[in-house]
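Following: one structure in structure tokens, then a few remarks.
Numbering (this note's numbering), first residue to last: 26 to 727.
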């Protein structure tokens, strides 16, 4: 018997003896004291189990060079076989596998852990490897009705039939950070009625039927899986489905997996019947026979998946068959990207009368291929916010209540029966036959009721002067309708005509949007939008600043006049103006009469010969400070003779720099904080070192 079992008995005997003593004392005390000792016993009883729990948590070590006759509790004396360790481990124990490879090893756990003390098997160092050699049996098996077992941490399992087998009715099993590869069967196989199973951050490659499979027990529909999590795994080269959820599963999360090369099935398949509350989120699926395949699901969410190169069939496939319970209900499929499917991007099919597909929302899914519906009993389908410019629909049978809608009032056209309408909360169409829906970079939102829109032309890439957009609109009298158009040239101007007459001129914002409205109905109105010549204002700057003046300069890309509004408060702009009517591309306006040491705000405007006007943003400048005289300063203006030239010379005594020079002559007085300089006009110098009748001026500076 194990040492820890002996310890348990010793603890129990000690506590029983203590209990006897307390029981005898109870007879002598009052009922209140009796109650106190009952509470004390309860506490002691709980402490007993805590002590037992601590005592039973043992770390075991396993190495290829160890021996099963060792105690296994140290790295120096490890056991040899992981299969032996799994038979010994009890709740709270951890099995550490040292780096190495075990051949034809089949690990089966004999016991379960519990909620606070799971059994754990993990790598101690390196990448311990279980090599089944002949691809038979299970690498690691958790028998039926076992629970709270964690298999994790850099363990490699290869060359078995199944990598990990989880028996029926097992629960709270965590499989993380493993590499499972080169199998004839499944990477991870779960039998019926398992619950709280997590498969996270594993690499599962080169498997037979599937990477991970959840399969119910045929003929026992009372057995259900629930709370299954498959996340963050890499699955590659799985010969059927990478992830296969097979019947009667509830609360399943499949998220953040990378799935490549799933052949003969799908990247992710949830099928047969009885599956509900399944979330398939943010997975990447590439080069699979099909991307995501759903049969027999209810309350399912498929979102944010990237599906590409579904080389034999469809990106997303909803399908029912002869099983009456294979219906599909209340499914939301949104924000998925489907690219390069060999057949349809999204395919909805019912192949048996009486088996329905109903209440399905497809929202904001981007697909390249056809969106197809085939078979009877398809109803209540909503396709919302198509992000693609065109979307082809193939409807081979009658679909009851198939709605196309845009919650922003997007403008679209279709070549199938039905009339689109625009409402305050959406635009929509009941699609009744095969056709193509084309979307435009435009929204229409009426204040009430509804409106109809017919697009006659929409091409914002055409050159200036041509009609870019032509559409007709109709609604009830007085109904204000807001039109928003984008994909225009930022900051360019556009002329909107209504029924051939000028209606409004709008400048596109920095994102290329314009917006206008109309409330004058009837009759049916025709609107056109044309780009008109545009004035671009650039290089705005204030130059040549003096205490009382500044020059404002800017450029335009066409000839235009020049106007500047300025003020000391930006909110007062538009009061003071300076302008020049001469048309030019290089603009310059002198602002005079300014106050020194003052900040001025200004905007520039230019209008071309066609009357198109543009204006700049608000800029500002500050005039310099004007310095007053200090102390008893004097200004002397005179024309002295024979004054020596004290300026620095360039190279020879007689060579004079032909430029204005200031000569520092020192302080005028020791009591003031300025210095004196003399200014010489060099044009009055000769080539000697004497000044001939030059004017001298005395200034001061700080």
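Note that the Cβ used here is the ideal one computed from N, Cα and C, for glycine as well. All figures in this text were calculated on a predicted structure; none of them were measured in a lab.
Checklist line | C-alpha distance - residue 266 paired with residue 210, whole-angstrom precision | finding: 12 angstroms
Item checked: residue 419 - containing alpha helix (DSSP H), residue span -> Residue 419 -> not in any alpha helix (DSSP H); beta strand (DSSP E) instead, spanning 415-420.
Next item on the list: Count the other C-beta atoms from every protein chain shown that fall within 10 angstroms of the C-beta of residue 158, then say buried if there are 16 or more, exposed otherwise.
Entry: exposed
Checklist line | Endpoints, alpha helix (DSSP H) assigned at residue 336 | finding: Segment: none, residue 336 is in no alpha helix (DSSP H) and carries neither H nor E.
Check: Going by DSSP, what residues sit across from residue 628 in a beta bridge?
Finding: In the DSSP output, where bridge partners are listed per residue, residue 628 has 590.
Check: Relative to the C-alpha of residue 495, which residue among 292, 161, 169, 508 is closest?
Finding: Proximity to residue 495 across 292, 161, 169, 508 peaks at 508, based on C-alpha coordinates.
Notebook entry, point to check: Going by Cα to Cα distance, which pick from 293, 164, 471, 428 is closest to residue 458?
Noted result: 428
Margin query: Would residue 167 and residue 195 be called neighbours here (beta carbons separated by less than 8 angstroms)?
Written below: yes
Item checked: Assigned exposure category for residue 181 - 16 Cβ within 10 Å defines buried -> Looking at its Cβ environment, which holds 16 or more other Cβ atoms inside 10 Å, residue 181 is buried.
Next item on the list: Could you tell me which of 591, 331, 250, 126 sits nearest to residue 273, measuring between CA atoms?
Entry: Shortest Cα-Cα distance from residue 273 to any of 591, 331, 250, 126 involves 250.
Check: How would you write the range of the alpha helix (DSSP H) that residue 109 sits in, first residue to last?
Finding: 107-113
Notebook entry, point to check: Are residue 144 and residue 110 touching if we call contact CB-CB under 8 angstroms?
Noted result: no
Check: If you drop the 5 nearest sequence neighbours on each side, which residues of the same chain put their C-beta closer than 8 angstroms to that of residue 378?
Finding: Counting only Cβ-Cβ distances below 8 angstroms, and skipping sequence neighbours, we find 401, 402.
Check: Expressed to the nearest angstrom, what Euclidean distance is found between the alpha-carbon atoms of residue 391 and residue 225?
Finding: 28 angstroms
Notebook entry, point to check: How long is the line joining the alpha carbons of residue 618 and residue 532, rounded to whole angstroms?
Noted result: 35 angstroms
Next item on the list: Please report the residue range of the beta strand (DSSP E) in which residue 497 lies.
Entry: Here the beta strand (DSSP E) through residue 497 covers 492-499.
Notebook entry, point to check: Nearest-angstrom Cα distance between residue 493 and residue 340?
Noted result: 36 angstroms
Note to self: Using 8 angstroms as the threshold, is the C-beta distance between residue 388 and residue 415 below it?
What the structure shows: No; because the gap between Cβ atoms is not below 8 angstroms, this pair is not in contact.
Check: So, are the CB atoms of residue 105 and residue 89 less than 8 angstroms apart?
Finding: yes
Notebook entry, point to check: Do residue 542 and residue 550 have their CB atoms nearer than 8 angstroms?
Noted result: no
Notebook entry, point to check: How long is the line joining the alpha carbons of residue 432 and residue 478, rounded to whole angstroms?
Noted result: 16 angstroms
Note to self: Runs of 3 residues minimum, wholly inside the region 253-297: which ones carry the beta strand (DSSP E) assignment?
What the structure shows: 259-263, 266-271, 274-280, 283-287, 293-296
Notebook entry, point to check: Which residues in the same chain have their Cβ closer than 8 angstroms to the Cβ of residue 376, if we skip the five residues on either side of it in sequence?
Noted result: 344, 345, 346, 347, 400
Check: When we look at the beta-carbon of residue 602 and count the other beta-carbons within 10 Å, is it buried (16 or more) or exposed?
Finding: By the 10 Å Cβ count, residue 602 comes out exposed.
Next item on the list: Please report how far the alpha carbon of residue 235 lies from the alpha carbon of residue 395, in whole angstroms.
Entry: 29 angstroms
Margin query: So, with DSSP's three-state summary, where would you put residue 351?
Written below: helix
Margin query: Spatial neighbours of residue 608 within its chain, please: C-beta separation below 7 angstroms, excluding the five flanking residues on both sides.
Written below: 584, 585, 586, 634
Notebook entry, point to check: In whole angstroms, what is the alpha-carbon distance linking residue 436 and residue 469?
Noted result: 7 angstroms
Notebook entry, point to check: Taking only runs of the beta strand (DSSP E) that begin and end inside the region 98-152, which ones reach a length of at least 3 residues, in chain order?
Noted result: 119-122, 126-128, 144-148
Check: Does DSSP put residue 377 in a helix, in a strand, or in coil?
Finding: coil
Checklist line | Rounded straight-line distance, which links the Cα of residue 520 to that of residue 527 | finding: C-alpha separation (whole angstroms): 7 angstroms.
Notebook entry, point to check: My guess is that residue 324 and residue 302 are in contact by the Cβ rule of under 8 angstroms, so how many angstroms apart are they, rounded?
Noted result: 5 angstroms
Note to self: Which residues does DSSP list as the beta-bridge partners of residue 172?
What the structure shows: 196
Next item on the list: State yes or no: is the C-beta of residue 273 nearer than 7 angstroms to some heavy atom of the ligand FAD?
Entry: Summarising the ligand content, the structure contains no ligands, and the ligand FAD is consequently not present.
Checklist line | For residue 365, three-class secondary structure by DSSP | finding: coil
Margin query: I need the DSSP call for residue 412, collapsed to helix, strand or coil.
Written below: Residue 412: coil per DSSP, three-state reduction.
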